[in-house]
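Working notes, beginning with the structure itself.
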Amino acid sequence: MVYNTSQSIIPGKLNVHLVAHTHDDVGWLKTVDQYYVGSNNSIQGACVQNVLDSLIPALLADKNRKFIYVEQAFFQRWWRDQSEAVQSKVKQLVSSGQLEFINGGMCMHDEAAPHYIDMIDQTTLGHRFIKDEFNLTPRIGWQIDPFGHSAVQAYLLGAEVGFDSFFFGRIDYQDRAKRKEEKSLEVVWRGSKSLGSSAQIFAGAFPENYEPPSGFYFEVNDDSPIVQDDFNLFDYNVQERVNDFVAAALSQANITRTNHIMWTMGTDFKYQYAHTWFRNLDKLIHYVNQDGRVNALYSTPSFYTDAKYATNDSWPLKTEDFFPYADNVDAYWTGYFTSRPALKGYVRMISGYYLAARQLEFFMGRRKSGPTTDSLADALAVAQHHDAVSGTEQQHVAYDYAKRLSIGYKEAEDLVGVTLACMVESTSKSRCVNPVTKFQQCPLLNITYCPPTEVDLSLGKRLVVVVYNSLGWKREDIIRIPVISENVTVQDSSGKEIEAQVLPVANASVALRNLYAPAYEGQSPSATLLYWLAFTASVPPLGFSTYIVSSAKRAAATLVSQTVYSSSGSQNDTIEVGPGNLKLIYSRNEGKLAQYNNRRNKVKASVEQSYTYYSGYDGAGEVQSSGAYIFRPNGTFPIPSPGQIPFTVMQGPLYDEVHQKINSWISQVTRVYKEKEHAEVEFTVGPIPIDDGIGKEVVTQITTTMKSNKTFFTDSNGRDFLERIRDYRADWDLLVNQPIAGNYYPINLGIYMKDDSTELSILVDRSVGGSSISDGQLELMLHRFFPIPLA
Numbered sequence: 022m023v024y025n026t027s028q029s030i031i032p033g034k035l036n037v038h039l040v041a042h043t044h045d046d047v048g049w050l051k052t053v054d055q056y057y058v059g060s061n062n063s064i065q066g067a068c069v070q071n072v073l074d075s076l077i078p079a080l081l082a083d084k085n086r087k088f089i090y091v092e093q094a095f096f097q098r099w100w101r102d103q104s105e106a107v108q109s110k111v112k113q114l115v116s117s118g119q120l121e122f123i124n125g126g127m128c129m130h131d132e133a134a135p136h137y138i139d140m141i142d143q144t145t146l147g148h149r150f151i152k153d154e155f156n157l158t159p160r161i162g163w164q165i166d167p168f169g170h171s172a173v174q175a176y177l178l179g180a181e182v183g184f185d186s187f188f189f190g191r192i193d194y195q196d197r198a199k200r201k202e203e204k205s206l207e208v209v210w211r212g213s214k215s216l217g218s219s220a221q222i223f224a225g226a227f228p229e230n231y232e233p234p235s236g237f238y239f240e241v242n243d244d245s246p247i248v249q250d251d252f253n254l255f256d257y258n259v260q261e262r263v264n265d266f267v268a269a270a271l272s273q274a275n276i277t278r279t280n281h282i283m284w285t286m287g288t289d290f291k292y293q294y295a296h297t298w299f300r301n302l303d304k305l306i307h308y309v310n311q312d313g314r315v316n317a318l319y320s321t322p323s324f325y326t327d328a329k330y331a332t333n334d335s336w337p338l339k340t341e342d343f344f345p346y347a348d349n350v351d352a353y354w355t356g357y358f359t360s361r362p363a364l365k366g367y368v369r370m371i372s373g374y375y376l377a378a379r380q381l382e383f384f385m386g387r388r389k390s391g392p393t394t395d396s397l398a399d400a401l402a403v404a405q406h407h408d409a410v411s412g413t414e415q416q417h418v419a420y421d422y423a424k425r426l427s428i429g430y431k432e433a434e435d436l437v438g439v440t441l442a443c444m445v446e447s448t449s450k451s452r453c454v455n456p457v458t459k460f461q462q463c464p465l466l467n468i469t470y471c472p473p474t475e476v477d478l479s480l481g482k483r484l485v486v487v488v489y490n491s492l493g494w495k496r497e498d499i500i501r502i503p504v505i506s507e508n509v510t511v512q513d514s515s516g517k518e519i520e521a522q523v524l525p526v527a528n529a530s531v532a533l534r535n536l537y538a539p540a541y542e543g544q545s546p547s548a549t550l551l552y553w554l555a556f557t558a559s560v561p562p563l564g565f566s567t568y569i570v571s572s573a574k575r576a577a578a579t580l581v582s583q584t585v586y587s588s589s590g591s592q593n594d595t596i597e598v599g600p601g602n603l604k605l606i607y608s609r610n611e612g613k614l615a616q617y618n619n620r621r622n623k624v625k626a627s628v629e630q631s632y633t634y635y636s637g638y639d640g641a642g643e644v645q646s647s648g649a650y651i652f653r654p655n656g657t658f659p660i661p662s663p664g665q666i667p668f669t670v671m672q673g674p675l676y677d678e679v680h681q682k683i684n685s686w687i688s689q690v691t692r693v694y695k696e697k698e699h700a701e702v703e704f705t706v707g708p709i710p711i712d713d714g715i716g717k718e719v720v721t722q723i724t725t726t727m728k729s730n731k732t733f734f735t736d737s738n739g740r741d742f743l744e745r746i747r748d749y750r751a752d753w754d755l756l757v758n759q760p761i762a763g764n765y766y767p768i769n770l771g772i773y774m775k776d777d778s779t780e781l782s783i784l785v786d787r788s789v790g791g792s793s794i795s796d797g798q799l800e801l802m803l804h805r806f807f808p809i810p811l812a
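Anchor point for the sequence shown: position 60 equals 81 in this note's numbering, and the numbering is continuous, going up by one each time.
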């Protein structure tokens, strides 16, 4: 039978826009490649290759059928495997509008954990492919699965990227209920106060996530009844199915402005057998339109947006963001702000490296052969997926993301080394192919491991250190590298000796020499001690500076003093840390931070730091548990202060360090620099003990006497800061069910609070969750772990 699917919009009727789509996670329960080829199906039966293979002939079978596709990481894999004939047919489908690319990024990125630069880069990478292959630019934002939505997404990757509209699935259950009642699921979203109406976009949240209405799933193994229209067979149900369709359409129309509604006909990894979907959609359109009560049509978000604009209706205004997100009373999706903090840190570190490598690649000029940043760009793009940097993936998938980043880094590392060598040798970049200088880099400084710098300088060798600044302004920062002698001197490129200091690292290199023995071949067997050599580097914008480290007969670099303190002093004894204007005052008796004192601006304030962990709810009795996504604390437990444990203070001319061991699995180093007016804290947390079967979410709290009045500020993807008020939402009267989890927000750059006289800011080196649960106090969740798999 031939079905009439050529219907278009009918004025005066309710128009149901059927948007056929699949949501293909770029890694989650399986790796990105496992999802593509369909392997490891014991975990999840999903094969994106099948989706695309079956989709194209299904579209070619009827010119009225339409489909949207999102994740370019998958599409590009598929595209590379196709013949010219198939590619030509696909280009025809794209040109006719039957196949439309929506969003257009390599993945559907998360909106809490990524930095805005990474969001832009991964979107640009996908858009570039679409432009090169199809000469098109996506029109619509389609962030249907991320777990909350950021203001930066709205104005930067919505309005400013040129999208006409932006659709999403997940908003707070209380917010959604109110918006349904007020017909305000679709809004004009103005995400930036400073940019105002110049950066606003038409945006819509779906009534019930991003799936079809109940009973309209048509994968071959789904339970929904198909449209059975053959009188010669049993179970004929056309009128029943039409009635179901009309009822669902009218129900959605009651919560939607204008006579246009959208049905998202698909969900995760659907259309692996595309004909089953389109066969039933053809029948629905045909028989629903014969019935005449409503009008059904194949559509796309672009077509739907145009129809909405054409109504000239007015829309409610939405400002700021959609965080935090909860889908029921006890399910606040705020735990993933911190989940897998090591991966989050690796992604952030690699992101900064990619920025520098890409600049150097541009300075050198792209070559037809040799190392590039392409692999790193692809790996970093995939890592922005909402089940990647979010930390919500299975462990083997997290390993896969890290492996891809490592492979991409290695290729970019080769490019960086060659380019810096050419720049240092002042060779014309057009002729510089094989520079004489061979640079090595140190990606494992986090474990005090750098073979290129751990050389015996007493043998007459000199160590040349080149420091590159990828930012657009001059920087002066402390450089720290491991060396094996305290008798060293540092000179700048003019030969002038500069101030430096060395800090002992107690036999840290011994274990590393055993682990990485080949890297240390030929070195002096007596070189068993390891030191941090620190000096101030001054680097011009988008430029580099060179420093020479050599052996000295005397200790030219100052060996810092080292004092171990215990709780033996009197209660009033204090220790002052910091060689410059900023002083941190510690209680010797308790070994705790007590006061902040900035002599330059005369700010003097009581400050305390403590550690706590939240016990994760275990879901007993089928109640919502804490996990990779959800933060649901079941009690707060202070972690004892380090009062009975000795702490070490190292003091030098450039900066001081305070080493504290909080307990057997938490320690920290606090640094106070001579030329800086902030303190730097480096945490080491884990492995978190879960032998008791209880998951733990570890928090550090900074407590002051400030009058913050329930108000604090968190950043939006590292670009803007938004005001947060405890137990408050601007869009609805919040029913407070989870007073801790419901007040947590994503932090990419920092969090701060202020009162009439003082401001306290905390900046972070990776995405974490944080809040101000009590006035005058800020807290960061540093790590979390559970006795069951995270995903």
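Just so you know, even glycine gets a beta-carbon here, dropped at the ideal spot from N, CA and C.
- In the DSSP annotation of this structure, the continuous segment of the alpha helix (DSSP H) that includes Tyr374 starts and ends at 362–385.
- Glu518 sits in a strand when the DSSP states are folded into three classes.
- By the neighbour-count definition (other C-beta atoms within 10 Å, threshold 16), Leu338 is an exposed residue.
- Membership of Gln462 in any beta strand (DSSP E) is not indicated, and neither H nor E is assigned to it by DSSP.
- Judged by beta-carbon spacing, Leu76 lies beyond the 8 Å limit of Glu341, meaning their Cβ atoms are not closer than that value.
- Secondary structure at Met444: helix, using DSSP grouped into helix, strand and coil.
- Counting the other Cβ atoms within 10 Å of the Cβ of Asp303 gives 16 or more, which makes it buried.
- The Cβ neighbour count for Val585, taken over all protein chains shown within 10 Å, is under 16; the residue is labelled exposed.
- Residue environment analysis places Ser218 among the exposed positions, since fewer than 16 neighbouring C-beta atoms fall within 10 angstroms of its C-beta.
- Secondary structure note for Gln249: it is in no alpha helix (DSSP H), with a DSSP letter that is neither H nor E.
- Rounded to the nearest whole angstrom, the C-alpha separation of Ala180 and Ala224 is 10 Å.
- Straight-line spacing of the CA atoms in Thr735 and Val410 works out to 19 Å.
- Counting only runs of 3 or more residues that sit fully inside the stretch 563–602, the beta strand (DSSP E) segments are 564–572, 582–586, 595–598, in chain order.
- Taking 8 Å as the upper bound for CB-CB distance, Gly169 and Ala133 are in contact here, some 6 Å apart.
- Nearest to Pro473 by alpha-carbon distance, out of Thr355, Phe460, His804, is Phe460.
- Its chain contains Tyr194, Gln645 as the residues whose beta carbon lies nearer than 8 Å to that of Asn349, once the 5 sequence neighbours on both sides are disregarded; these appear in chain order.
- Less than 8 Å divides the Cβ of Met385 from the Cβ of Thr440.
- Looking at the DSSP output, Ile768 shares a beta bridge with Val789.
- Between Ala423 and Gly373, the alpha-carbon positions lie close to 16 Å from each other.
- Check the Cα spacing between Pro233 and each of Leu39, Ser795, Glu629, Asp594: the tightest is with Leu39.
- By the neighbour-count definition (other C-beta atoms within 10 Å, threshold 16), Glu678 is a buried residue.
- Cβ neighbours of Pro392 within its own chain (closer than 6 Å, five residues either side excluded): Glu432, Asp435, Leu436.
- Taking each of Pro167, Ser104, Ala352, Tyr346 in turn and checking the Cα distance to Arg653, the smallest one comes out for Ala352.
- Counting along the chain, Val47 sits inside no beta strand (DSSP E), nor does DSSP assign it H or E at all.
- In the DSSP assignment, Gln689 falls outside any alpha helix (DSSP H) and within the unbroken beta strand (DSSP E) covering 687–694.
- Along the stretch 254–286, the beta strand (DSSP E) occurs as fully enclosed runs of 3 or more residues at 281–286, listed in sequence order.
- Contact between Pro345 and Tyr766 holds, with the beta-carbon distance rounding to 6 Å and staying under 8 Å.
- Of the residues assessed, Met286 falls on the buried side of the cut-off, its CB having 16 or more other CB atoms within 10 angstroms.
- Cβ-Cβ separation between Ile761 and Ile794: approximately 6 Å, consistent with a contact (criterion under 8 Å).
- Here DSSP, grouped into helix, strand and coil, assigns Gly225 to strand.
- Around the beta-carbon of Ile468, fewer than 16 other beta-carbon atoms lie within 10 Å, marking it exposed.
- For Asp45 against Phe122, the beta-carbon gap comes to about 13 Å, at or over 8 Å, which does not count as contact.
- Secondary structure of Arg197 (DSSP, three-state): helix.
- For Phe237, the number of other beta carbons within 10 angstroms of its own is at least 16, and it is reported as buried.
- For Gly147, the enclosing alpha helix (DSSP H) begins and ends at 137–155.
- Under the three-state reduction of DSSP output, Leu81 falls in the helix class.
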